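Working notes, beginning with the structure itself.
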Amino acid sequence: MSELIVGIDLGTTNSEVASFVDGRVQVLGCGKTKILPSVVGLSPSGDVLVGEPARNQLIAYPERTVRSIKRKMGSKESVTLGDRQFTPPEVSALILRELAAWASCSVGQQVHQAVITVPAYFSDAQRQATREAAALAGLEAIRILNEPTAASLAYGEGERHSAMVYDLGGGTFDVSIVALEGDITEVLASHGDNHLGGDDFNDLLAEHLLTAFQTEHGVDLRQGHPVACARIWWAAEEAKKRLSFEPEVTIREEALVSEKGKPLHLELEVTREQYEAMIRPLLEKTLESVSKALADSRKSPGDLDTILLVGGSTRTPLVSRLLLERTGLVPQEEIHPDLCVALGAGVLASRLAGHEVDRVLVDVSPYSFGVSYLGERGGVPYPYCYKPIIRRNSPLPLTRTERFFTCVPFQELVDVCVYEGEDEDALKNILVGIFKVKDLKKLPDLSEVLCRMSLDLDGILHVTAVEKCTGKSKHITIDRALEKKSDAEIAEARKRLEALSSRGIFEAIKSEEEEEEEEETEELDEDAEADRNANALALTEGAWAKVAREASEVAQRSRRLVEQMHEEDREEVTDLNQKIETAIAAKDEKTLTGAIQQLAELLFFVEGKR
Numbered sequence: 071m072s073e074l075i076v077g078i079d080l081g082t083t084n085s086e087v088a089s090f091v092d093g094r095v096q097v098l099g100c101g102k103t104k105i106l107p108s109v110v111g112l113s114p115s116g117d118v119l120v121g122e123p124a125r126n127q128l129i130a131y132p133e134r135t136v137r138s139i140k141r142k143m144g145s146k147e148s149v150t151l152g153d154r155q156f157t158p159p160e161v162s163a164l165i166l167r168e169l170a171a172w173a174s175c176s177v178g179q180q181v182h183q184a185v186i187t188v189p190a191y192f193s194d195a196q197r198q199a200t201r202e203a204a205a206l207a208g209l210e211a212i213r214i215l216n217e218p219t220a221a222s223l224a225y226g227e228g229e230r231h232s233a234m235v236y237d238l239g240g241g242t243f244d245v246s247i248v249a250l251e252g253d254i255t256e257v258l259a260s261h262g263d264n265h266l267g268g269d270d271f272n273d274l275l276a277e278h279l280l281t282a283f284q285t286e287h288g289v290d291l292r293q294g295h296p297v298a299c300a301r302i303w304w305a306a307e308e309a310k311k312r313l314s315f316e317p318e319v320t321i322r323e324e325a326l327v328s329e330k331g332k333p334l335h336l337e338l339e340v341t342r343e344q345y346e347a348m349i350r351p352l353l354e355k356t357l358e359s360v361s362k363a364l365a366d367s368r369k370s371p372g373d374l375d376t377i378l379l380v381g382g383s384t385r386t387p388l389v390s391r392l393l394l395e396r397t398g399l400v401p402q403e404e405i406h407p408d409l410c411v412a413l414g415a416g417v418l419a420s421r422l423a424g425h426e427v428d429r430v431l432v433d434v435s436p437y438s439f440g441v442s443y444l445g446e447r448g449g450v451p452y453p454y455c456y457k458p459i460i461r462r463n464s465p466l467p468l469t470r471t472e473r474f475f476t477c478v479p480f481q482e483l484v485d486v487c488v489y490e491g492e493d494e495d496a497l498k499n500i501l502v503g504i505f506k507v508k509d510l511k512k513l514p515d516l517s518e519v520l521c522r523m524s525l526d527l528d529g530i531l532h533v534t535a536v537e538k539c540t541g542k543s544k545h546i547t548i549d550r551a552l553e554k555k556s557d558a559e560i561a562e563a564r565k566r567l568e569a570l571s572s573r574g575i576f577e578a579i580k581s582e583e584e585e586e587e588e589e590e591t592e593e594l595d596e597d598a599e600a601d602r603n604a605n606a607l608a609l610t611e612g613a614w615a616k617v618a619r620e621a622s623e624v625a626q627r628s629r630r631l632v633e634q635m636h637e638e639d640r641e642e643v644t645d646l647n648q649k650i651e652t653a654i655a656a657k658d659e660k661t662l663t664g665a666i667q668q669l670a671e672l673l674f675f676v677e678g679k680r
């Protein structure tokens, strides 16, 4: 039996261990648990707690628990647990010892050697503190591996190419420009911040919650309420995680404190937009590091072949959007960002142990899945815009949620059309399922509908649409979602699309005779307007949008009636539709309005002759 060498990601928030087992590199764990919270505590009875048990006692005994010790590595600072003092390497050693026990339990062999990862921006003192922690845990750190190098190892070998490794973890951030060729990874430049990460995002969100509680109840929990503050912080962390996949969350914490014998509660809704506004300044700081790393490596964004995302905090959608804007590249997300570094460390550890390892094998979705919505194309409303919810190459299993809106006030029905594909036009993708959500609450304003998709390892896609204000929902399950469609299945889907084209989402829109609509122009800032137009089933009712919608409606009427027209009427309709398209392209509202009126009058005449 060869020597067991493990790869360890000693993280700020979580830690993992990986090694070569059953012919491949995989993350090892205790039972189904693969991620160890980087939390250490002493119970009231004096027992040492590591991982989830320590995390669970943090709310009740914050003075007996420590988290994010990685931020103190390399410093002379000590931490207090109960009545005892510990150095940062001593606390880290307890985490490393637990990970080694996990690996031994999984493999049935004692662990004595490890490859341990550190941020590329770690100082010599921080690296030495990491080696000290390993020695205290009874491990020989045979290699201290930079996290960006580990990430590139996880993604595997190939032809020489340049990559940016963007690593945003719980407590540290660094970005590296690397050149990869075969099994060699050369770090050309690195930049970062050892005190910027997901913990800071938690702090901002927790501060928002504390301020809201103080505003509502007049009680400042920061003053003399450590247990309540700990509850708020953990509630903020859970909300942060959910906001990576859901457009909004409701945070509820009951009986945080009592005032004059009355328990005081917190209940607050936080949207993804609000959360992203809080953390944007910190993410913009990471872009400054991106620019510095590119400059130091003498590279431009155009020289990069790919961007690799590492660290759980990169799940925040704003991260990918900002990187796309900065570089023009869509970041890769094939490998679980929390496990990527551990897997890469496991690759190197396995090679050092004599195993031949090419790359990590992961299950990803080979297709994007999404829904159609009423948006805008070419300046006119279009009912088959496509919004991907699960994106191609996302690691499985996963769940994602997006927010949409009904089209008109008092709407009672929505069609949810589920597609597979990448095209912005839903009709050019493959229809895989349709269902309706009926009896929506009649609201004078637009109603919010959440669409949630879950895709498992067996290729089963679960789609749920929920009306937010009532909780009314409808669900479908699509088996074999990941299987390649046959020609017959594609042809059948095309037929369903053709049938759908005659009614589609307009089936849910009442006529003007049935409803009197109040039109209201919302003044939105540029970012909010872009988000709303991208995700909402209703367009902002500006003057141009209104006339463009009229153009779309009258054009659809003309297509429905064209077979009933005389030849000269058809020619006139064709000319007017072409005139409308030209006016839309030129943004010529006057010409467009005139052409709409002419076409409407002609259609009125045609309908009168039926």
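With the working numbering as the guide, the letters of the sequence shown map in order to residues 71 to 680.
All C-beta atoms in this analysis are idealised placements derived from N, C-alpha and C, irrespective of residue type, glycine included.
Just so we're clear, the structure is a prediction, and the values are computed from it rather than from any experiment.
Counting pairs of beta carbons, one from the stretch 504-513 and one from the stretch 477-496, are three or more of them closer than 8 Å?
yes
Rounded separation between residue 87 and residue 292 - CA only:
The residue labelled residue 87 in the question sits at position 17 within the sequence shown. The residue labelled residue 292 in the question sits at position 222 within the sequence shown. Whole-angstrom Cα-Cα distance: 37 Å.
Which residues DSSP lists as bridging residue 103, in chain order
On the sequence shown, residue 103 is found 33 positions in, with the first residue counted as 1. Paired residue(s): 100.
Tell me, please, whether the CB atom of residue 240 is closer than 7 Å to any CB atom in chain E?
Within the model displayed, chain E is absent; a lone protein chain is all it includes.
With a cut-off of 8 Å, do at least 3 Cβ pairs link the stretch 439-447 to the stretch 455-465?
yes
Does the ligand GDP have a heavy atom nearer than 6 Å to the CB of residue 171?
Ligands are entirely absent from the displayed structure, and the ligand GDP is therefore not among its contents.
So residue 218 and residue 237 are in contact, right, with Cβ under 8 Å, and what is the actual spacing, rounded?
As a working note, residue 218 is residue 148 in the sequence shown. As a working note, residue 237 is residue 167 in the sequence shown. The Cβ separation is near 6 Å, so the contact holds.
According to DSSP, residues forming a beta bridge with residue 458:
As a working mapping, residue 458 is identified with position 388 in the sequence shown. 440.
Nearest-angstrom beta carbon gap, residue 183 and residue 212 [assumed within contact, 8 Å]:
Translated into the one-based positions of the sequence shown, residue 212 becomes position 142. Translated into the one-based positions of the sequence shown, residue 183 becomes position 113. Indeed, because the Cβ distance is near 5 Å, the residues count as touching under 8 Å.
Nearest-angstrom Cα distance between residue 126 and residue 450?
Counting from 1 along the sequence shown, the entry for residue 126 is found at position 56. Counting from 1 along the sequence shown, the entry for residue 450 is found at position 380. Straight-line Cα distance between these residues: approximately 54 Å.
Is the distance from the Cβ of residue 415 to the Cβ of residue 77 below 7 Å?
Position 345 of the sequence shown holds residue 415. Position 7 of the sequence shown holds residue 77. Contact flag set, yes.
Below 7 Å CB to CB, which residues in the same chain sit around residue 280 once its five sequence neighbours on both sides are set aside?
Numbered from its first residue, the sequence shown carries residue 280 at position 210. Only 291, 292, 302 meet the Cβ criterion.
Quick one: what does DSSP say residue 489 is sitting in, helix, strand or coil?
To locate residue 489, count along the sequence shown from 1; it is residue 419. Residue 489 falls in the strand class under three-state DSSP.
Supposed contact pair residue 519 and residue 535 - C-beta distance, whole angstroms, cut 8 Å
Indexing the sequence shown from 1 puts residue 535 at position 465. Indexing the sequence shown from 1 puts residue 519 at position 449. Confirmed, about 6 Å.
Could you tell me which of 137, 353, 517, 199 sits nearest to residue 119, measuring between CA atoms?
Position 49 of the sequence shown, counted from the start, is the residue given in the question as residue 119. Out of 137, 353, 517, 199, 137 has the C-alpha closest to the C-alpha of residue 119.
Rounded straight-line distance, which links the Cα of residue 311 to that of residue 478
Counted from its first residue, the sequence shown places residue 478 at position 408. Counted from its first residue, the sequence shown places residue 311 at position 241. Going from the Cα of residue 478 to the Cα of residue 311 covers about 32 Å.
Out of 361, 294, 381, state which residue places its alpha-carbon closest to the alpha-carbon of residue 374.
Counted from its first residue, the sequence shown places residue 374 at position 304. Here the closest residue by C-alpha is 361.
Would you kindly report the start and end of the unbroken alpha helix (DSSP H) that includes residue 175?
Against the sequence shown, residue 175 aligns to sequence position 105. Per DSSP, residue 175 belongs to the alpha helix (DSSP H) from 158-177.
Burial state of residue 527 (16 or more Cβ within 10 Å)
Walking along the sequence shown from the start, residue 527 turns up at place 457. It is exposed - the Cβ of residue 527 has fewer than 16 other Cβ atoms within 10 Å.
Residue 394: buried (16+ other C-beta within 10 angstroms of its C-beta) or exposed?
Here residue 394 corresponds to residue number 324 of the sequence shown, with the count starting at 1. That one is exposed.
Does the beta-carbon of residue 391 have 16 or more other beta-carbons within 10 angstroms, so that it is buried, or is it exposed?
For the purposes of this step, residue 391 is taken as residue 321 along the sequence shown, with counting starting at 1. Around the Cβ of residue 391, a 10 Å sphere holds fewer than 16 other Cβ atoms; the residue is exposed.
Could you tell me which uninterrupted alpha helix (DSSP H) segments, each at least 4 residues in length, are contained entirely in the stretch 357-400, listed from first to last along the chain?
387-397
What are the partner residues of residue 474, as DSSP defines its beta bridges?
Numbered from 1 along the sequence shown, position 404 holds the residue referred to as residue 474. Residue 474 is bridged to 519.
Residue span of the beta strand (DSSP E) that contains residue 243, given as start and end:
Along the sequence shown, one-based indexing puts residue 243 at 173. 243-251 is the span of the beta strand (DSSP E), which, as asked, contains residue 243.
Check residue 234 in the structure and name its three-state DSSP category.
Here residue 234 corresponds to residue number 164 of the sequence shown, with the count starting at 1. The three-state reading of DSSP puts residue 234 in strand, counting E and B together.
Tell me which residue opens and which closes the alpha helix (DSSP H) that residue 286 is part of.
Within the sequence shown, numbered from 1, the residue matching residue 286 stands at position 216. Taken as a continuous stretch (DSSP letters only), the alpha helix (DSSP H) holding residue 286 covers 268-287.
Beta-carbon gap between residue 276 and residue 306 smaller than 7 Å:
Along the sequence shown, read from residue 1 onward, the residue named residue 276 stands at position 206. Along the sequence shown, read from residue 1 onward, the residue named residue 306 stands at position 236. In contact: residue 276 and residue 306 (Cβ atoms closer than 7 Å).
Based on the DSSP secondary-structure assignment, which residues constitute the bridge partners of residue 111?
Position 41 of the sequence shown holds residue 111. BP columns for residue 111 point to 119, 135.
What is the C-beta distance between residue 203 and residue 98, in whole angstroms, given that I count them as a contact (C-beta under 8 Å)?
One-based indexing of the sequence shown puts residue 203 at position 133. One-based indexing of the sequence shown puts residue 98 at position 28. The Cβ separation is near 19 Å, so there is no contact.
So, for residue 359: in the same chain, excluding its five sequence neighbours on each side, which residues have a beta-carbon less than 8 Å away from its beta-carbon?
As a first step, residue 359 is located in the sequence shown; it is residue number 289 there, counting from the start. Once the five neighbours on either side are set aside, the close Cβ partners of residue 359 are 243, 244, 245, 261, 262, 263.
Please list the terminal residues of the continuous alpha helix (DSSP H) segment that includes residue 416.
Against the sequence shown, residue 416 aligns to sequence position 346. Looking at the DSSP string, the run of the alpha helix (DSSP H) that includes residue 416 is 410-422.
Distance CB(residue 111)-CB(residue 134) smaller than 7 Å
Reading the sequence shown from its first residue, position 41 is the one you call residue 111. Reading the sequence shown from its first residue, position 64 is the one you call residue 134. Cβ distance < 7 Å, so residue 111 and residue 134 count as in contact.
Selection from 346, 321, 101, 316 that minimises the alpha carbon distance to residue 274
To locate residue 274, count along the sequence shown from 1; it is residue 204. Out of 346, 321, 101, 316, 346 has the C-alpha closest to the C-alpha of residue 274.
Extent of the continuous alpha helix (DSSP H) run through residue 307
Counting from one through the sequence shown, the residue named residue 307 turns up at place 237. 296-313 is the extent of the alpha helix (DSSP H) around residue 307.
Hey, how far is the Cα of residue 282 from the Cα of residue 289?
Numbered from 1 along the sequence shown, position 212 holds the residue referred to as residue 282. Numbered from 1 along the sequence shown, position 219 holds the residue referred to as residue 289. In a straight line, the C-alpha of residue 282 is about 10 Å away from that of residue 289.
Per DSSP, which residues does residue 499 bridge with? Please list them.
Start at 1 with the first residue of the sequence shown, and residue 499 comes out as number 429. Looking at the DSSP assignment, residue 499 forms no beta bridge with any residue, so it has no partner.
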